[in-house]
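Below: one structure, written as structure tokens.
In the working numbering, the protein residues as written are 489 to 838.
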């Protein structure tokens, strides 16, 4: 660098010029300096000062290589640019407050939220430059009117403070994980259901088309956001307590048939699928494995012989138990009677 101008000093000057350029929206700019482009940096700075109509001749006139060699000239340059930064900030702030300009670089995270709120409340989009405070007031009035018309009770009625906030955030994280697990479960069920239909010979010719539609639906489900925060918790109301099953009769007007078992309107069995109750498959013990192995061998032997033994009923087991002694009936001997013997009052002969 030239005499008196260092990299640190030039970098600080460049940052001040960049902020002034953004606030005033001027075309001149000062490039980031290094050891090789010192002359370019000084020329850019000189043109930028002329654009700002700098009143100090020692900063805008004279040899450009020695213009900022003295400490006093560098201090004067820093002081002038600092005052210009403050002035540019005040001018821009007044323009924003008066509605003359609407900054597109501030509140980038909040703007989509406010835009979504306006669409939800059916507030028409304003044209031209409108004071943002008036927009927020319109949003507040519309929201209060909607809340007044709603008769539902909120689910969350506790007071938010520093003590309860951590627990509430943990609960919101649990909701997010549970919702994400449900999305995964929904995708799995959707794939399994489609695969079960593709076993049909009539649908095999449409396999590619069905798979294409399935991949599109799975991709759409995957784009759903599973993030739950305090805003969702505060907006929850009592309507969420009413659960309507997807297999409800009122929702099946177009799918009911005489052959369908659900057409009678009976409540279907609980199929489970709750993410907080799902557990992995338990590993079989050695005793269970041996029992299953014996059953399989017995089935294979009977199949090879072509004989399959029907399990005996309870009546057959009782009858077999009482007739197992020498082929006698449980009522008595061969000549059976009502007594213990063979005749009406005597003993039976063996």
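Cβ coordinates follow ideal geometry from the N, Cα and C atoms, glycine included.
Just so it is clear, the structure is predicted and the values come from calculations on it, not from any experiment.
Proximity winner among the options, relative to residue i (alpha-carbon distances)
i: residue 842; options: 501, 652, 602; result: Look at the range of the chain in this structure, 489 to 838, and you will see that residue 842 is not part of it.
i: residue 720; options: 671, 579, 657, 599; result: 657
i: residue 698; options: 709, 678, 710; result: 678
i: residue 503; options: 529, 607, 550, 611; result: 529
i: residue 493; options: 778, 523, 585, 512; result: 523
i: residue 525; options: 537, 693, 495; result: 495
i: residue 667; options: 627, 564, 585, 710; result: 710
i: residue 560; options: 574, 620, 544; result: 544
i: residue 708; options: 675, 669, 570, 670; result: 675
i: residue 552; options: 637, 527, 574; result: 527
i: residue 584; options: 567, 621, 646, 601; result: 621
Proximity of residue i and residue j at Cβ, strictly below 8 Å
i: residue 609; j: residue 634; result: yes
i: residue 611; j: residue 626; result: yes
i: residue 726; j: residue 641; result: yes
i: residue 516; j: residue 541; result: no
i: residue 663; j: residue 586; result: no
i: residue 576; j: residue 512; result: yes
i: residue 671; j: residue 714; result: yes
i: residue 505; j: residue 564; result: no
i: residue 521; j: residue 554; result: no
i: residue 660; j: residue 701; result: no
Per DSSP, cross-strand counterpart(s) of residue i
i: residue 642; result: 725
Own chain partners of residue i with C-beta closer than 8 Å, once the 5 adjacent residues on each side are dropped
i: residue 722; result: 642, 644
i: residue 724; result: 642, 643, 644
i: residue 706; result: 675, 678, 679
i: residue 729; result: 643
i: residue 613; result: 606
i: residue 507; result: 573, 576
i: residue 691; result: 685, 698
i: residue 712; result: 671
i: residue 546; result: 555, 561, 564
Same chain only: Cβ atoms within 7 Å of residue i, ignoring 5 sequence neighbours per side
i: residue 548; result: 534, 537, 538, 542
i: residue 695; result: 686
i: residue 630; result: 609, 611
Sequence-distant residues of the same chain with beta carbon closer than 6 Å to residue i, five excluded per side
i: residue 509; result: 517
i: residue 653; result: none
i: residue 580; result: 511
Residue i CB to nearest heavy atom of the ligand NAP below 7 Å
i: residue 493; result: The ligand NAP is absent from the structure shown, which contains no ligands of any kind.
Worksheet item: Considering only residues of the stretch 620 to 682, which uninterrupted alpha helix (DSSP H) runs meet the minimum length of 4 residues and lie entirely inside it, listed in chain order?
Response: Within the stretch 620 to 682, the alpha helix (DSSP H) runs of at least 4 residues that lie entirely inside it are, in chain order, 620 to 637.
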